[in-house]
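In what follows, a structure is listed as C-alpha cells, so that the remarks can point back to it.
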Amino acid sequence: MNEVRVGIVGLGRLGRTHAINLAQNVPGAKLVAACSFVEDELEYAKRELGVTETYKSFEEMAASPNLDAVCIVSPSGYHPEQIRLAMEKGLHVFSEKPIGLDIEDIEKTMEVIKAHPDQVFQLGFMRRYDESYQYAKKMVDEGQLGELTVVRCYGIDPSSGLESFVNFARNSNSGGLFSDMSIHDIDLVRWFTKKEVSRVWAMGKNAAYPELDELNELETGAAMMQLEDKTMAILVAGRNAAHGYHVETELIGTKGMLRVAAAPEKNLVTVFDENGAVRPTSQNFPERFSDAFVHEMKEFISCIKEKRQPEVGAIDGLQSTKVAIACQQSVEANQIVEVK
Numbered sequence: 000m001n002e003v004r005v006g007i008v009g010l011g012r013l014g015r016t017h018a019i020n021l022a023q024n025v026p027g028a029k030l031v032a033a034c035s036f037v038e039d040e041l042e043y044a045k046r047e048l049g050v051t052e053t054y055k056s057f058e059e060m061a062a063s064p065n066l067d068a069v070c071i072v073s074p075s076g077y078h079p080e081q082i083r084l085a086m087e088k089g090l091h092v093f094s095e096k097p098i099g100l101d102i103e104d105i106e107k108t109m110e111v112i113k114a115h116p117d118q119v120f121q122l123g124f125m126r127r128y129d130e131s132y133q134y135a136k137k138m139v140d141e142g143q144l145g146e147l148t149v150v151r152c153y154g155i156d157p158s159s160g161l162e163s164f165v166n167f168a169r170n171s172n173s174g175g176l177f178s179d180m181s182i183h184d185i186d187l188v189r190w191f192t193k194k195e196v197s198r199v200w201a202m203g204k205n206a207a208y209p210e211l212d213e214l215n216e217l218e219t220g221a222a223m224m225q226l227e228d229k230t231m232a233i234l235v236a237g238r239n240a241a242h243g244y245h246v247e248t249e250l251i252g253t254k255g256m257l258r259v260a261a262a263p264e265k266n267l268v269t270v271f272d273e274n275g276a277v278r279p280t281s282q283n284f285p286e287r288f289s290d291a292f293v294h295e296m297k298e299f300i301s302c303i304k305e306k307r308q309p310e311v312g313a314i315d316g317l318q319s320t321k322v323a324i325a326c327q328q329s330v331e332a333n334q335i336v337e338v339k
C-alpha cells in the first residue's frame, strides 16, 4: 500500500488540525474525503486541502470505494456509531476520544473492534506522542524516580473559549468536564503508573458562569484518586485559565520527582518590558501539542502499512471513561465513588 486514503468527519478546530496533518504533514497519507454538516467547512477542505469527495452523511462517506481509513473528529456522542459503521465497512479507524459517553455503548463498540482484528483502531490520546511526556515516561520506566507515589495533573483551557463553550453546552452534551477534559490526564495516570484507578472523590465550582449549574456542566473541577496499589492522583480541570492553555503534570516517586510543562511556554522567548520579564504561553491545545498530533497520525498510518496495532487502543478509552464517569458521579453524589 503506497498511500493510505483517508476520509475525515468533523472539521472544527481539532478536525481541521488533523485534516491539515493528513493532507500536508503525514507521509504516506492522502486525504481524499471530508464529511461535515457545515458547507463552509467542506468548501475549505476542497479549496485548501485538495479533498475530492465531500459528504454531509458519514454513512455515505464510509461507503466510498476510494477510502482505506477514516479519522473521526465529530462530537463525542457520534463516535460509537461511526466507529462501528466504519469497522463494519472494512475501514481502519482513528477516533478522537472518547469512544463513547456511556460504558454500555463503549463495550458494544469494543466488540465490533475485536471482531475486526485485521483493521487498525487507534484512539486519540495525543499526549503519549508528545516528546516531553515520552521523555518522562522513559525515566519512570527506567526506575529513575523510584516507585511512584503521587501523580498531579492540571488541564485548563483558556478563558477566551469559555463563553463559546457555554453556548455549546446549551445545545450539546460534552459528556461533562471530566470526560471532556480530564480524560487525557486520566490516561496519563494509567500510562505512567501501569495501574488502574480504584476510587475517586471529585468536586467542582462554577464561578464565572454560574448558569452552567443548570446545564449540569462544570467550569472548574478537581478529583482525588486512589489507584489499585494505593498510588495517589490529583487532577484539576477547568475552562478558565486567563494566561492561556495550561497543561502540567507532576510525578513524585521514592527517588525523585519531575514536572512536565510547569510553565506552559509557547517558545523560548522572554520579553523584558514595563511588566517585567514575560514569557509567552500557549493559547490552545493545537498549538501546545502540534507535534504530538502529527506523531500520533504518523503512527496510525504506519500501523496500517505494517499491519500492526498501535499502543493506544480501545481498552484505554474504556478504562479512562470509567474513571471520568465515576468522577461525574462523585460530584453529583458528593461522595467517594468506587470505579467498577
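One point on numbering: in numbering that gives the first Met the number 0, the residue at position 157 of the sequence shown is 156, and numbering is uninterrupted. Each residue gets a CB set at the ideal place from its N, CA and C atoms; glycine is no exception.
Outcome for residue i when other beta-carbon atoms lying within 10 angstroms are tallied against a minimum of 16
i	result
Glu213	exposed
Phe284	buried
Val246	buried
Pro343	Summary: the structure shown does not reach residue 343, with the chain confined to residues 0 through 339, and so no result is reported for it.
Met216	A quick correction: the sequence has Glu, not Met, at residue 216. Glu216 is buried by the Cβ-count criterion.
Met109	buried
Thr248	buried
Phe271	exposed
Thr16	buried
Ser75	buried
Asn205	buried
Val50	buried
Thr269	exposed
Val338	buried
Met86	buried
Met296	buried
Gln81	buried
Ile102	exposed
Ser329	buried
From the options, residue whose alpha carbon lies closest to that of residue i
i	options	result
Gly123	Ile324, Glu331, Asp179 and Ala62	Asp179
Asp184	Leu217, Met138 and Ala236	Ala236
Ser319	Pro97, Glu310 and Ser281	Pro97
Phe299	Phe36, Arg15, Ala68 and Glu47	Ala68
Pro79	Ser63, Gly316 and Phe288	Gly316
Glu95	Leu10, Cys302, Lys194 and Lys304	Leu10
Gln282	Asp117, Asp156, Val270 and Asp39	Asp156
Arg278	Glu286, Ser289, Phe284 and Asn266	Asn266
Arg126	Ile314, Ala325 and His294	His294
Gln118	Val330, Phe167, Gly312 and Cys34	Gly312
Leu187	Val149, Ser289, Lys88 and Val92	Val149
Val199	Val3, Leu250 and Glu331	Glu331
Ser171	His17, Tyr77, Asn274 and Glu2	Tyr77
Asn239	Glu162, Phe120 and Arg189	Glu162
Val259	Ala276, His242 and Phe288	Phe288
Val92	Arg307, Phe164, Val139 and Asn166	Arg307
Glu218	Asn1, Trp190, Asn166 and Glu264	Asn166
Residue span of the alpha helix (DSSP H) that contains residue i, given as start and end
i	result
Ser289	Ser289 to Glu305
Phe36	Careful: Phe36 lies outside any alpha helix (DSSP H) and carries neither H nor E.
Asn166	Leu161 to Ala168
Asp315	Ala313 to Ala332
Asp186	Ile182 to Thr192
Gly203	Here Gly203 belongs to no alpha helix (DSSP H); instead the beta strand (DSSP E) covers Val196 to Lys204.
Phe271	Unbroken run through Phe271 is the beta strand (DSSP E), Val270 to Asp272; no alpha helix (DSSP H).
Ile102	Ile102 to Lys113
Met0	Where Met0 is concerned, there is no enclosing alpha helix (DSSP H), given that its DSSP letter is neither H nor E.
Ala61	Phe57 to Ala61
Leu84	His78 to Glu87
Beta carbon of residue i nearer than 8 Å to that of residue j
i	j	result
Leu226	Ser181	no
Ala61	Leu84	yes
Val5	Cys70	yes
Val31	Glu59	no
Met231	Gly220	no
Leu41	Ala33	yes
Leu250	Ala135	yes
Val3	Ile303	yes
Leu356	Ala18	Residue coverage of the chain in this structure runs from 0 to 339, which leaves residue 356 outside it and unanswerable.
Cys326	Ala168	no
Val8	Ser63	no
Thr192	His242	no
Span of the beta strand (DSSP E), counted from its first residue to its last, around residue i
i	result
Tyr153	Leu147 to Pro157
Arg126	Run containing Arg126: none; DSSP gives neither H nor E here.
His245	His245 to Gly252
Ile52	The residue asked about is misnamed: residue 52 is Glu in this sequence, not Ile. Unbroken beta strand (DSSP E) run through Glu52: Glu52 to Tyr54.
Gly275	Gly275 to Val277
Gly14	Gly14 -> not in any beta strand (DSSP E); alpha helix (DSSP H) instead, spanning Arg12 to Ile19.
Gln225	Thr219 to Leu226
Ala232	Met231 to Ala240
Ile335	Premise fails: Ile335 is in no beta strand (DSSP E) and is neither H nor E.
Ser94	His91 to Ser94
Ala68	Ala68 to Ile71
Val259	Met256 to Val259
Residue-level contact to chain C via CB, residue i, 8 Å cutoff
i	result
Ser159	Among the chains of the structure shown, chain C does not appear; only one protein chain is present.
Is the number of C-beta pairs between the segment 319-332 and the segment 127-137 that are closer than 8 Å three or more?
-> no
With contact counted as at least three CB pairs below 8 Å, one residue from each stretch, are the segment 138-153 and the segment 245-255 in contact?
-> yes
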